[in-house]
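Numbering (mature numbering (1 follows the signal peptide of the UniProt record, and there is no 0)), first residue to last: -27 to -1, 1 to 101. Don't be surprised by glycine CBs; every beta carbon is placed ideally from N, CA and C.
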């Protein structure tokens, strides 16, 4: 009986930990739809919106933690952005070289492919 109680307690603790970690990894998913809708900042894994996507909704700044919807790690794996924010441009900062430039993406309904030095070097982004 004690072994069953301990096992149930350990499984319950593991489930809580797993749900908690999933919440951190998937913290901001925009409106939860795959389409890049009004108010969202959308990244794609490959040029022209192809591959996995990761959407953010209105918040001022995000790290590049978490994954695309297909499970591929988001950090250093984005190649394009669609800025559907209703008010602001979005800055994306690269990391991986000495300069670590920041690039501004104005509001647009189209995918904008990253330049070669930003491609797959997304470290963080912020709006306004």
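Straight-line gap, residue i to residue j (C-alpha atoms, nearest Å)
{"i": "residue 53", "j": "residue 3", "result": "17 Å"}
{"i": "residue 13", "j": "residue 46", "result": "19 Å"}
{"i": "residue 24", "j": "residue 30", "result": "20 Å"}
{"i": "residue 22", "j": "residue 72", "result": "27 Å"}
Residues near residue i by beta carbon distance below 6 Å, same chain, minus five either side
{"i": "residue 102", "result": "This structure does not reach residue 102, given that the chain is present from -27 up to 101, and the question cannot be answered."}
{"i": "residue 42", "result": "25 and 26"}
C-beta contact flag for residue i and residue j at 9 Å
{"i": "residue 94", "j": "residue 68", "result": "yes"}
{"i": "residue 87", "j": "residue 64", "result": "no"}
{"i": "residue 57", "j": "residue 27", "result": "no"}
{"i": "residue 16", "j": "residue 51", "result": "yes"}
{"i": "residue 101", "j": "residue 60", "result": "yes"}
{"i": "residue 99", "j": "residue 18", "result": "no"}
Collapsed DSSP secondary structure at residue i in the structure displayed
{"i": "residue 96", "result": "strand"}
{"i": "residue 83", "result": "coil"}
{"i": "residue 43", "result": "coil"}
{"i": "residue 112", "result": "Absent from the structure is residue 112, since the part of the chain shown begins at -27 and ends at 101."}
Proximal residues to residue i (C-beta, below 8 Å), its chain only, five neighbours per side dropped
{"i": "residue 83", "result": "55"}
Bridge-paired residues (DSSP) for residue i
{"i": "residue 116", "result": "Only positions -27 to 101 of the chain appear in this structure, which leaves residue 116 out of reach."}
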